[in-house]
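Colleague:
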Amino acid sequence: MSFQHILDLSDKLKEQLVEWRRDFHQHPEIGYQEIRTSAIVAKHLRSLGLEVTTNVGGTGVVGLLRGEQEGPTVGLRADMDALPIQDDKEVSYRSMNSGLAHLCGHDAHTTMLMGAAELLCSLGRPPQGNIKFIFQPAEEGFAGAKAMMEDGVLDNPEVEAIVGLHVYPGMSTGTIGIAKGVAFASVDSMEIHIIGKGGHAARPHEGVDAIAVSAQVITALQNIASRMIDPLETVVITIGTIEGGVMGAALAPSVKMVGTIRTLSPAVRDQMPILIERVIRGVTESFGAGYELNYIKSYPAVWNNETMVDKVTEASERLFGSKCWDYIKPSTGGEDFAFYAEAIPGAFFRIGTGNDEARTRYPLHHSHFDLDENALPFGVAILSAVALHYLSSSILSS
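When the sequence shown is numbered by full-length UniProt numbering, its final residue is 398 and no position is left out of the sequence of numbers.
1) Going by beta carbon distance, what residues of the same chain come within less than 6 Å of residue 302, once the five residues before and after it are set aside?
2) In angstroms, rounded to a whole number, what distance separates the CA positions of residue 190 and residue 216?
3) Three or more C-beta pairs under 8 Å: does that hold for the segment 195-212 against the segment 225-233?
4) With DSSP collapsed to three states, give me the class of residue 291.
5) Any chance you could list the beta strand (DSSP E) runs of at least 3 consecutive residues sitting entirely within the segment 69-114, in chain order?
6) What three-state label does DSSP hand residue 131 in the structure shown?
7) Can you tell me whether residue 351 is helix, strand or coil according to DSSP?
8) From what residue to what residue does the beta strand (DSSP E) around residue 257 run?
9) Tell me whether the segment 47-57 and the segment 13-31 touch, counting them as touching only if at least three CB pairs, one residue from each stretch, are closer than 8 Å.
10) Between the alpha carbons of residue 125 and residue 141, how many angstroms are there, rounded?
11) Could you check how far apart the C-beta atoms of residue 157 and residue 58 are, in whole angstroms? I think they sit under 8 Å.
12) Is it buried or exposed for residue 304, if we count other Cβ within 10 angstroms and need 16 for buried?
13) Look at residue 370 and residue 89 and say whether their C-beta atoms are less than 8 Å apart.
14) Quick one, are the C-beta atoms of residue 387 and residue 113 less than 8 Å apart?
15) When the Cα of residue 247 is compared with those of 148, 211, 277, which residue comes out closest?
16) Could you tell me which uninterrupted beta strand (DSSP E) segments, each at least 3 residues in length, are contained entirely in the UniProt domain "Peptidase M20 dimerisation" (189-274), listed from first to last along the chain?
17) Is it true that the CB of residue 165 sits closer than 8 Å to the CB of residue 383?
18) Beta-carbon within less than 7 Å of residue 280's beta-carbon, same chain only, minus the 5 sequence neighbours each way: which residues are those?
19) Give me the Cα-Cα distance between residue 385 and residue 72, rounded to the nearest whole angstrom.
20) Between which residues of its own chain and residue 276 is the CB-CB distance below 8 Å, once the five residues before and five after are set aside?
21) Any idea what DSSP makes of residue 326, helix, strand or coil?
22) Quick one: what does DSSP say residue 307 is sitting in, helix, strand or coil?
23) Is the beta carbon of residue 153 less than 8 Å from the beta carbon of residue 62?
24) Thinking C-beta only, is residue 80 closer than 8 Å to residue 34?
25) Can you check which of these residues, 65, 99, 283, is closest to residue 219 by C-alpha distance?
26) Just verifying my parser: in three-state terms, what is the DSSP assignment at residue 319?
27) List in chain order: all unbroken beta strand (DSSP E) runs of 3+ residues lying wholly within the segment 119-183.
28) Using DSSP with H/G/I as helix, E/B as strand and the rest coil, what is residue 54?
29) State the start and end residues of the unbroken beta strand (DSSP E) segment that holds residue 409.
30) Looking at C-alpha atoms only, which residue of 392, 393, 378 is the closest neighbour of residue 9?
31) Taking C-beta to C-beta, are residue 394 and residue 129 nearer than 8 Å?
32) Shorter than 8 Å from the beta carbon of residue 15 to some beta carbon of chain D?
33) Label residue 77 either buried or exposed according to how many other C-beta atoms from any shown protein chain fall within 10 Å of its C-beta, with 16 as the threshold for buried.
34) Alpha helix (DSSP H) containing residue 27: first to last residue?
35) What do you get for residue 356, buried or exposed, if any count of 16 or more other CB atoms within 10 angstroms of its CB means buried?
36) Could you give the first and the last residue of the continuous alpha helix (DSSP H) run that contains residue 45?
Quick look at the structure:
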């Protein structure tokens, strides 16, 4: 089987890929509610003759392509969930579900993996080893990867390595970007309650203005990155919401703030709850206020395995030539693929979905996000090629 044959087969799937993607785009479903999406995926996988398991980690679907002989199993993963954001595009495939939209490209990820399953099945069973197609729910903040792992997605047969991709409008269609080592940041969350003392705005000295204290806390937290952590490390602390106050002529008795903390280093991540509490305690004590801090560890950083990075770049070169891929810097975005990559060797990479049309250049999570659908067969080809390259090279090395 030549890699050119993979390209030819993926190109022939384009019309079907566009149809799938637009259908998913019109019918977005939020995390753990991907009922319609998972049913379509499962039906397609069964039509290919795969061993199919549903309701994995909630609404997840797994398809298994067994090889002729026992060997390693490689996993290919796509996420299926949408975002709770209104779709503001004026296109025929605009979301039909009010307040929900595929603005992070998970409709494309699902489509590409369905296409890869069809392409790989058309080639027959691998001579040795297996390919597991993992359609995951709830990547957007609900840790669907962790739920699938708890349901045994990496077992029976045991998955030895895993690959995933993400569309990216900042890169041109036909290109691949992959980071060595850390690829995506850890993302933790925090909820801070500042406890003041209400009173009349005309007599602020008799109360404790929780809003004024909160403003000082927000400013002081930024000193963690600039003055308390090695400047060569990456830390992003964001307060995204602030709620407090009852009226303009009264001191706020309390304020609630919610935010996120992003780091690339596990060691720096471990320092964050300690430093954040130290700063909050110092500020609130100086103003006579109290506080409550709820710090929640969410997604760890995504670490790309060196060998798996090589598998992706080697397969990319054999498919498209050396100019199609490049090493890229880590992203401070979060991605629950991290849970897989903590357990087994993994590689997570970006594929370009932008072109000269302005509509394809809106950033992820933007209400007008869209993509160049020529990227769909490109994604199918690279997922298929990486899986086959991994199995063939693993057999040779053994």
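Yeah, the Cβ is synthetic: ideal placement off N, Cα and C, and Gly gets one too.
Modeller: A quick look at the data gives this:
1) For this step, residue 302 is matched to residue 302 along the sequence shown. So the qualifying residues of the chain are 183, 184, 335, 337, 338, 341, 348.
2) Start at 1 with the first residue of the sequence shown, and residue 190 comes out as number 190. Start at 1 with the first residue of the sequence shown, and residue 216 comes out as number 216. Rounded to the nearest angstrom, the two C-alpha atoms are 17 Å apart.
3) no
4) Looking up residue 291 in the sequence shown gives position 291. Residue 291 falls in the strand class under three-state DSSP.
5) 69-79
6) Locating residue 131 in the sequence shown gives position 131, where the first residue counts as 1. In the structure shown, residue 131 sits in a strand (DSSP, three-state: E or B).
7) Mapped onto the sequence shown, residue 351 falls at position 351. It is a strand residue.
8) Working through the sequence shown from its first residue, we reach residue 257 at position 257. Start and end: 254-263.
9) Per the Cβ contact rule, the segment 47-57 is not in contact with the segment 13-31 (fewer than 3 Cβ pairs under 8 Å).
10) Start at 1 with the first residue of the sequence shown, and residue 125 comes out as number 125. Start at 1 with the first residue of the sequence shown, and residue 141 comes out as number 141. About 36 Å.
11) Taking the first residue of the sequence shown as 1, we reach residue 157 at position 157. Taking the first residue of the sequence shown as 1, we reach residue 58 at position 58. Rounded, the Cβ-Cβ distance is 22 Å, inconsistent with contact.
12) Translated into the one-based positions of the sequence shown, residue 304 becomes position 304. Residue 304 should be labelled buried.
13) The residue labelled residue 370 in the question sits at position 370 within the sequence shown. The residue labelled residue 89 in the question sits at position 89 within the sequence shown. Contact flag set, yes.
14) Along the sequence shown, one-based indexing puts residue 387 at 387. Along the sequence shown, one-based indexing puts residue 113 at 113. For the pair residue 387 and residue 113, the CB atoms are not nearer than the 8 Å cut-off.
15) Mapped onto the sequence shown, residue 247 falls at position 247. Looking from the CA of residue 247, the closest CA among 148, 211, 277 belongs to 211.
16) Within the UniProt domain "Peptidase M20 dimerisation" (189-274), the complete beta strand (DSSP E) runs of at least 3 residues are 235-244, 254-263.
17) For the purposes of this step, residue 383 is identified with residue 383 of the sequence shown, where counting begins at 1. For the purposes of this step, residue 165 is identified with residue 165 of the sequence shown, where counting begins at 1. For residue 383 and residue 165, yes; Cβs fall inside 8 Å.
18) Counting from 1 along the sequence shown, the entry for residue 280 is found at position 280. 192, 217, 291, 293.
19) In the sequence shown, residue 385 corresponds to position 385, counting from 1. In the sequence shown, residue 72 corresponds to position 72, counting from 1. Answer to the nearest angstrom: the Cα atoms are 16 Å apart.
20) Working through the sequence shown from its first residue, we reach residue 276 at position 276. Result list for residue 276: 190, 221, 224, 237, 261, 293, 295, in chain order.
21) Translated into positions along the sequence shown, residue 326 becomes position 326. Residue state, collapsed to three classes: strand.
22) The residue labelled residue 307 in the question sits at position 307 within the sequence shown. DSSP places residue 307 in helix when its eight states are reduced to three.
23) Taking the first residue of the sequence shown as position 1, residue 153 is located at position 153. Taking the first residue of the sequence shown as position 1, residue 62 is located at position 62. Cβ atoms of residue 153 and residue 62: closer than 8 Å.
24) The sequence position of residue 34 within the sequence shown is 34, counting from 1. The sequence position of residue 80 within the sequence shown is 80, counting from 1. Yes.
25) Reading the sequence shown from its first residue, position 219 is the one you call residue 219. The candidate whose alpha carbon is nearest that of residue 219 is 283.
26) By 1-based counting over the sequence shown, the position of residue 319 is 319. In the displayed model, residue 319 falls within a helix according to three-state DSSP.
27) 128-136, 161-172, 176-178
28) In the sequence shown, counting from the first residue as 1, residue 54 sits at position 54. Looking at residue 54 - three-state DSSP - the assignment turns out to be strand.
29) The first residue shown for the chain is 1 and the last is 398, placing residue 409 beyond what the model contains.
30) Residue 9 sits at position 9 when you count from the first residue of the sequence shown. Per the Cα distances, 378.
31) Here residue 394 corresponds to residue number 394 of the sequence shown, with the count starting at 1. Here residue 129 corresponds to residue number 129 of the sequence shown, with the count starting at 1. Cβ distance < 8 Å, so residue 394 and residue 129 count as in contact.
32) No chain D appears in this structure, which consists of one protein chain only.
33) Here the question's residue 77 lines up with position 77 in the sequence shown. By the neighbour-count rule (16 or more Cβ atoms within 10 Å), residue 77 is buried.
34) Translated into the one-based positions of the sequence shown, residue 27 becomes position 27. Counting along the chain, residue 27 falls outside any alpha helix (DSSP H), and DSSP gives it neither H nor E.
35) For the purposes of this step, residue 356 is identified with residue 356 of the sequence shown, where counting begins at 1. Flag for residue 356 reads exposed.
36) If you number the sequence shown from 1, residue 45 lands on position 45. Its alpha helix (DSSP H) spans residues 35-47.
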